[in-house]
Every structure is written in structure tokens, then in C-alpha cells.
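**Student:**
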Amino acid sequence: MDWQLIGWGTFAGLTTGLATFVGATPAFFGSVSGKERQNIMLGFAAGVMLSASYLSLIVPAAAFAQDQGYSAFAAAAQVALAVLVGAACLDLLRRSERVQSIGGAEASEAARRVWLLLIAMTAHNLPEGAAVGVSFAAGDPRIAIGTAVGIGVQNLPEGLAVAAALLTIGYSRGRAVLIGGATGLVEPVGAFLGVTLVSAATWLLPAGMGWAAGAMIYIVAAELIPAIHQEDGHRRPIWAFLIGVCAMLFLDIALAA
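Going by the UniProt record's numbering, the sequence shown opens with residue 1, and the numbers climb by one from there.
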């Protein structure tokens, strides 16, 4: 087991988790972004994550599977199934979040919604951290950096969303930022579990990378893209999405050189 690799993977999870604090910081100064600006951030994050999931996870996962002796057909089937399982895990998590009862009868409906958002963000940050850890287990800096950048960028608007929501129910700016940022602190735990498991059993690497890609694609499809289409006039967020795709494409190719 490569403890240096595990250390770097866990550190990367900590870094992406801290991105939620960075995203939440504007709430401390009272300069919470307008809806359109938040949608632009979400669009960019969606583009980065979608591009990273394919270039940094799915394609290398299939290559790793073939290196382990699988035929092209078997490698493709293994990775495709892992992508579906990763998406299914996030879907189950999202469904479970919706049925939770928060706060009891005395809590306002607004407070319930805010705390449900907070729990949802915290819960899905764990598999996001695992995705970062699995990418580091591959031992390829291009894969690791691509995934970490994708997760880190999309954590910025997440931190802001939670902090802004807490402000609406009377939390002070400082507490809103601290709580919003703290939702990302489960990511290093997920990263440690992901990198340790895959490092201990290298045959799990293609499936693990496929699972991570499925989780990322699900977040893009179920949360980020619908969010930027909630209002009319979403031309700029769409361009931000395309810029995110191209930025990740450029980074992936440049790091491979």
C-alpha cells in the first residue's frame, strides 16, 4: 500500500473541501452574488465536471481495465456498469435526503428547507471526496488534477448557496460562512477511504474510476444543469458551461504533453 499516494489523495480531498469555505466567504461581507451570477458559476462547474468525468476518469478507466487483461468489450462493459452504479448511489442518496424530516413541528418551513439543503450538501460531499481519492489512486497526475479541479470548482457555488440560505433564516454572517464551509469537511474523509480502498486492491481501479465518473455526471445532470435553467435568460450560464468544458479539455491535453 502506497502511503505517500494515500496522503496526497487525502490532502487533495481536504483542498477540495476547503473550496466550500472559499465559496461561502462572500456571505461574510454581505456581497452574496445575484441569481444570474450564481448560475454562471454553476454552469462553469457543470462544464468542468462533465469534461473531467469523461477525460480524466472514464477514458483512463477503460485503458486501465485493458491493461489488466480485459478485452475492449469487457473493459467498456465494466466501466459503463460502474458509471451506472455511481449514478445510482447518488440517486439513492438524493432520494433519501428528500424524505427526511427536519426540525420538528416548531421549525418553520423555510428553516426546514435550509437545513435539508445543508444535510444534502454534506451528504453528497462524501462520495465527491471518494471520487478525488480514487483518481489519485490511479497514480497519474493528469487524472488526479483533473478530478480535483472539477470537484473543487463546483464546491465554490455550493458553499455560497448554503451560506446564503442560512442568512435568510437569521444566522449571523460569521456562522453562515462557517457552517456553509463546514459542509465540505467530509471530503477528506471520503478521499481517504477512496484512495485507501483502491490502493489496497488495484483491480478495483477501473470500476472505482467509473463509479466516480457516474457520481460526478449525476451531480451535473440532476443538480447543476437544472439549477441554471430555473429562470429565463440562461444564455450566459450556458456559455459558462461550454467554457468550463473547454477549460478542462485544455487542461487535460496540456498536462498530458
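Glycine is no exception: its CB is placed at the ideal position from the N, C-alpha and C atoms. Source: prediction; values computed, not measured.
Just to confirm, is the Cβ distance from M209 to A61 under 8 Å?
**Tutor:** Going by beta carbons, M209 and A61 fall inside the 8 Å limit.
**Student:** Should I253 go down as buried or exposed, given a rule of 16 or more other Cβ atoms within 10 Å for buried?
**Tutor:** Per the 10 Å Cβ criterion, exposed.
**Student:** Buried or exposed for R142, please, with buried defined as at least 16 other CB atoms from any protein chain shown within 10 angstroms of its CB.
**Tutor:** buried
**Student:** Please list, in chain order, all residues of the same chain as G65 whose beta carbon is under 6 Å from its beta carbon, the five residues on each side excluded.
**Tutor:** The sequence as given places Ala at residue 65; Gly does not occur at that position. Excluding sequence neighbours, A65 sits near A75, Q78 and P206.
**Student:** Measure the C-alpha to C-alpha separation of F250 and V48 and round it to an integer number of angstroms.
**Tutor:** Whole-angstrom Cα-Cα distance: 11 Å.
**Student:** So does Q68 have its beta carbon nearer than 7 Å to some heavy atom of the ligand NAD?
**Tutor:** The ligand NAD is absent from the structure shown, which contains no ligand whatsoever.
**Student:** I'd like to know if the stretch 37-52 and the stretch 173-186 are in contact, where contact means that at least 3 CB-CB pairs between them fall below 8 Å.
**Tutor:** no
**Student:** Per the contact definition of three or more C-beta pairs closer than 8 Å, is the stretch 39-48 in contact with the stretch 168-178?
**Tutor:** no
**Student:** Is Y218 helix, strand or coil when you go by DSSP?
**Tutor:** Y218 falls in the helix class under three-state DSSP.
**Student:** Can you list the alpha helix (DSSP H) stretches of 4 or more residues lying completely in the stretch 145-216, in chain order?
**Tutor:** 173-182 and 187-200
**Student:** Measure the CB-CB distance between F28 and G159 and report whether it falls below 8 Å.
**Tutor:** No.
**Student:** Exposed or buried, A24, counting other C-beta atoms within 10 Å across all chains shown (16 or more means buried)?
**Tutor:** Within a 10 Å sphere around the beta-carbon of A24 sit 16 or more other beta-carbons, which makes this residue buried.
**Student:** For a quick check, are the C-beta atoms of F136 and A12 less than 8 Å apart?
**Tutor:** yes
**Student:** Please report the Cβ distance between V162 and L126, rounded to the nearest whole angstrom; I am assuming they are in contact, meaning their Cβ atoms lie under 8 Å.
**Tutor:** At roughly 15 Å, the Cβ-Cβ gap does not stay under 8 Å, so V162 and L126 are not in contact.
**Student:** So what does DSSP say about G86, is it helix, strand or coil?
**Tutor:** helix
**Student:** Can you tell me whether D2 is helix, strand or coil according to DSSP?
**Tutor:** Three-state DSSP puts D2 in coil, outside helix and strand.
**Student:** Which same chain residues, not among the five before or five after V149, have their C-beta less than 8 Å away from its C-beta?
**Tutor:** V48, A52, M248 and L251
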